[in-house]
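Chemist: Attaching a single structure in structure tokens format; questions to follow.
Protein chains: 2
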Amino acid sequence: MPRTLYHLPLSPFCRKVRIILGEKHIPFDPVIEKTWIEREGFLALNHGGTVPVFVDEDDSVIAESGAIAEYLEETYPQRPVLPGSAAERAEMRRIALWFDLKFDAEVTTLVLFEKIDRRLMKLGEPDMATIRAGLENLNYHMDYLSWLSEERNWLAGDHFSLADITAAAHISAIDYLGDVPWVHFPHVKDWYVRVKSRPSFRTILGDFVPGMPPPRTYADLDF
Amino acid sequence: MPRTLYHLPLSPFCRKVRIILGEKHIPFDPVIEKTWIEREGFLALNHGGTVPVFVDEDDSVIAESGAIAEYLEETYPQRPVLPGSAAERAEMRRIALWFDLKFDAEVTTLVLFEKIDRRLMKLGEPDMATIRAGLENLNYHMDYLSWLSEERNWLAGDHFSLADITAAAHISAIDYLGDVPWVHFPHVKDWYVRVKSRPSFRTILGDFVPGMPPPRTYADLDF
Chain B
1 MPRTLYHLPL
11 SPFCRKVRII
21 LGEKHIPFDP
31 VIEKTWIERE
41 GFLALNHGGT
51 VPVFVDEDDS
61 VIAESGAIAE
71 YLEETYPQRP
81 VLPGSAAERA
91 EMRRIALWFD
101 LKFDAEVTTL
111 VLFEKIDRRL
121 MKLGEPDMAT
131 IRAGLENLNY
141 HMDYLSWLSE
151 ERNWLAGDHF
161 SLADITAAAH
171 ISAIDYLGDV
181 PWVHFPHVKD
191 WYVRVKSRPS
201 FRTILGDFVP
211 GMPPPRTYAD
221 LDF
Chain G
224 MPRTLYHLPL
234 SPFCRKVRII
244 LGEKHIPFDP
254 VIEKTWIERE
264 GFLALNHGGT
274 VPVFVDEDDS
284 VIAESGAIAE
294 YLEETYPQRP
304 VLPGSAAERA
314 EMRRIALWFD
324 LKFDAEVTTL
334 VLFEKIDRRL
344 MKLGEPDMAT
354 IRAGLENLNY
364 HMDYLSWLSE
374 ERNWLAGDHF
384 SLADITAAAH
394 ISAIDYLGDV
404 PWVHFPHVKD
414 WYVRVKSRPS
424 FRTILGDFVP
434 GMPPPRTYAD
444 LDF
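Line by line, the protein sequences are chains B and G. So for the first sequence, this note's numbering puts the first residue at 1; every next one is plus one. So for the second sequence, this note's numbering puts the first residue at 224; every next one is plus one.
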């Protein structure tokens, strides 16, 4: 079986895995899985019904983006996305978890669910108060990102790593909606320009959700 | 500096780290950190203000339980809590993430916050509807645990691992409140008896929150 990634284009957890696969030059077939349909064949692969799910050449089935990330690093160690020492890896995982837990709960889930999922799943009009709360929280996380990108070359230290990939996966999903206040955060913008320039980011910038086009600057290096 | 763990006794994320340290026979000083006080010295260690935070002998500071777990396995490989192959580790991490993300959002956060945090932080009366929703969700997760513990020796396969530790960390916090419907889930109970018997679990069973004693059976092997 060819390597396959079941994913949703705007899910930051799926974007994270797509970028890792790109960084490592691992070819795979991307399959868009509309999880809310609860397709039987997909539930057989992943009881939890969530994306991303990665199926490797040997038919190993891996669910949960954190598990897929560590699996890919262990199985395909070329072009590593984890830094070299245990202490550096700990700092990197701390930042990645910050985005996957805190940023996700306080920003991504609120904004993306209301603006995108509700529409795709036909759950009615978005709740504007929830979106406003998410965008309010976004400023606080941008402050933190700003501090990190001012202090360090990349978010977890000297090298590009899974911390940058995870943060960019979340930020890019919000940016698809045109909701990142770039003008107030020049240091974060400088960092994001460098992320956007990486070949692994190309498919992310090419994403297109039918009926919901991204703003013109979404894919531009000059934004 | 001696190895230190800043923690809260009923936090499943802190319990996870305490059990790992116990499994690996790593001595450490436990320090209870009341995170809602936002103590300056603690915020200097961890900007996010969350527990657990682990400080190693060489003063490395690690935040986020997932990062601490991987750090401890890498730095103290004796008595491993991760299985041997990449595919087994992926399955183990999937289950651990299931509990830290899904079980936490659908059960732990609802029940523990309403019953414990509100009281400790003096935020008023618990919301009974939220508690009921959390306990309703618990049944669905117990079904999944039941299926896993019937099919396998330990949750992720043949060996006790971080999957068991993570699941038991969450279940034990709910059990402290007397809210686990053991009578309906004999397979899960069999698994939990075996977890409870491990020496690494002893300090967990000895926890005591002033004014909120656990039920009599909390620490018993016969419950």
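The C-beta atom is built at its ideal place from N, Cα and C for all residues, glycine as well.
Please state whether DSSP places Val209 of chain B in a helix, a strand or coil.
Modeler: Correct three-state label for Val209 of chain B: strand.
Chemist: Closer than 9 Å, Cβ to any Cβ of chain B: which residues of the stretch 251–265 of chain G, in chain order?
Modeler: none
Chemist: For Ile171 of chain B versus Tyr144 of chain B, is the C-beta distance shorter than 8 Å?
Modeler: no
Chemist: Does Pro199 of chain B come out as helix, strand or coil in the three-state DSSP assignment?
Modeler: DSSP, read as helix, strand or coil, puts Pro199 of chain B in helix.
Chemist: Looking only at its chain, what residues have a beta carbon closer than 6 Å to the beta carbon of Gly134 of chain B, apart from the 5 residues adjacent to it on each side?
Modeler: Within the same chain, Val107, Leu110 and Val111 come within 6 Å of Gly134 of chain B by CB-CB distance, once the 5 residues on both sides are set aside.
Chemist: Is it the case that the stretch 49–65 of chain B contacts the stretch 236–243 of chain G, given that we only count it when at least three CB pairs across the two stretches are under 8 Å?
Modeler: no
Chemist: What residues from chain B crowd round Thr331 of chain G, counting only those whose CB sits closer than 8 Å?
Modeler: Around Thr331 of chain G, no beta-carbon contact reaches into chain B at under 8 Å, the shortest distance being about 13 Å.
Chemist: For Asp398 of chain G, which residues in the same chain have their Cβ closer than 7 Å to its Cβ, ignoring the five residues on either side in sequence?
Modeler: Tyr441
Chemist: Examine chain G for any beta-carbon lying closer than 8 Å to the beta-carbon of Arg3 of chain B, and answer yes or no.
Modeler: no
Chemist: Would you tell me roughly how many angstroms separate the C-alpha atoms of Leu346 of chain G and Thr353 of chain G, rounded to the nearest one?
Modeler: 15 Å
Chemist: Could you check where the beta strand (DSSP E) with Val330 of chain G kicks off and where it finishes?
Modeler: Here Val330 of chain G belongs to no beta strand (DSSP E), and DSSP marks it neither H nor E.
Chemist: Since Val411 of chain G contacts Met365 of chain G with CB under 8 Å, what's their CB separation in whole angstroms?
Modeler: 6 Å
Chemist: So, for Arg118 of chain B: in the same chain, excluding its five sequence neighbours on each side, which residues have a beta-carbon less than 8 Å away from its beta-carbon?
Modeler: Gly124, Glu125 and Pro126
Chemist: What are the residues of the stretch 61–75 of chain B that lie near chain G, defined by any Cβ-Cβ distance shorter than 8 Å?
Modeler: Ile62, Ala63, Glu64, Gly66, Ala67, Ile68, Glu70, Tyr71, Glu74 and Thr75
Chemist: If we ignore side chains and look at the alpha-carbon of each, how far apart do Lys338 of chain G and Thr258 of chain G end up?
Modeler: Cα to Cα, Lys338 of chain G sits roughly 17 Å from Thr258 of chain G.
Chemist: Taking the alpha-carbon positions, what's the Arg317 of chain G to Arg152 of chain B distance?
Modeler: Cα-Cα distance, rounded: 31 Å.
Chemist: With DSSP collapsed to three states, give me the class of Val274 of chain G.
Modeler: coil
Chemist: Within the present structure, is the beta-carbon of Ser369 of chain G separated from the nearest heavy atom of the ligand NAP by less than 7 Å?
Modeler: In the structure on display, the ligand NAP does not appear, and there are no ligands present to speak of.
Chemist: By the three-class DSSP mapping on this structure, what secondary structure does Ile394 of chain G have?
Modeler: Under the three-state reduction of DSSP, Ile394 of chain G is assigned to helix.
Chemist: What residue range is occupied by the uninterrupted alpha helix (DSSP H) comprising Thr353 of chain G?
Modeler: Its alpha helix (DSSP H) spans residues Met351 to Glu374.
Chemist: Between the stretch 225–233 of chain G and the stretch 244–255 of chain G, do three or more beta carbon pairs fall short of 8 Å?
Modeler: Taking a cut-off of 8 Å on C-beta distances, the stretch 225–233 of chain G touches the stretch 244–255 of chain G, as three or more cross pairs fall below it.
Chemist: Consider the Cβ of Gly429 of chain G: report whether some Cβ of chain B lies at a distance smaller than 8 Å.
Modeler: Judged by the 8 Å Cβ criterion, Gly429 of chain G is not in contact with chain B.
Chemist: Within 10 Å of its beta-carbon, does Pro300 of chain G have 16 or more other beta-carbons around it, so buried, or fewer, so exposed?
Modeler: exposed
Chemist: Take Met121 of chain B and list the residues in its own chain whose beta-carbon comes closer than 6 Å to its own, dropping the five residues that flank it on each side.
Modeler: Trp36
Chemist: Whose Cβ in chain B lies nearer than 8 Å to the Cβ of Gly271 of chain G?
Modeler: Trp98 and Lys102
Chemist: With a cut-off of 8 Å, does the C-beta of Arg94 of chain B fall near any C-beta of chain G?
Modeler: yes
Chemist: Against Arg89 of chain B, what residues of chain G qualify as contacts under a CB-to-CB distance less than 9 Å, listed in chain order?
Modeler: Ala290, Glu293, Tyr294 and Glu297
Chemist: Helix, strand or coil for Gly157 of chain B, going by three-state DSSP, please let me know.
Modeler: In this structure, Gly157 of chain B counts as strand in the three-state DSSP scheme.
Chemist: Measuring only the C-alpha atoms, how far is Glu297 of chain G from Phe277 of chain G?
Modeler: 14 Å
Chemist: Return the Cβ separation of Thr50 of chain B and Ala67 of chain B in integer angstroms, given the expectation that the two are a contact with Cβ distance under 8 Å.
Modeler: In fact, because the Cβ distance is near 12 Å, the residues do not count as touching under 8 Å.
Chemist: Excluding the 5 residues preceding and the 5 following Ala163 of chain B in the sequence, name in chain order all residues of the same chain whose CB lies nearer than 6 Å to its CB.
Modeler: Excluding positions up to five away in sequence, the list reads Met92, Ile95, Ala96, Leu155 and Ala156.
Chemist: Apart from the five residues on each side of it in sequence, which residues of its chain come closer than 8 Å, Cβ to Cβ, to Lys24 of chain B?
Modeler: Leu72, Tyr76, Gln78, Arg79 and Val81
Chemist: Might you give, ordered along the chain, the residues of its own chain that have their beta carbon closer than 7 Å to the beta carbon of Val183 of chain B, omitting 5 neighbours on each side?
Modeler: none
Chemist: Look at Val209 of chain B and Pro12 of chain B and say whether their C-beta atoms are less than 8 Å apart.
Modeler: No. Outside cutoff.
Chemist: Within its chain, find whatever has a CB closer than 7 Å to the CB of Pro83 of chain B; leave out the 5 residues flanking it on each side and keep chain order.
Modeler: Take Pro83 of chain B, set aside five residues on each side of it, and the residues of its chain with a beta-carbon closer than 7 Å to its own are Arg89, Met92, Ala156, Gly157, His159 and Ser161, in chain order.
Chemist: For the candidate residues G:Ala309, G:Glu293, G:Asn269 and G:Thr389, whose alpha-carbon lies nearest to that of Asp323 of chain G?
Modeler: G:Thr389
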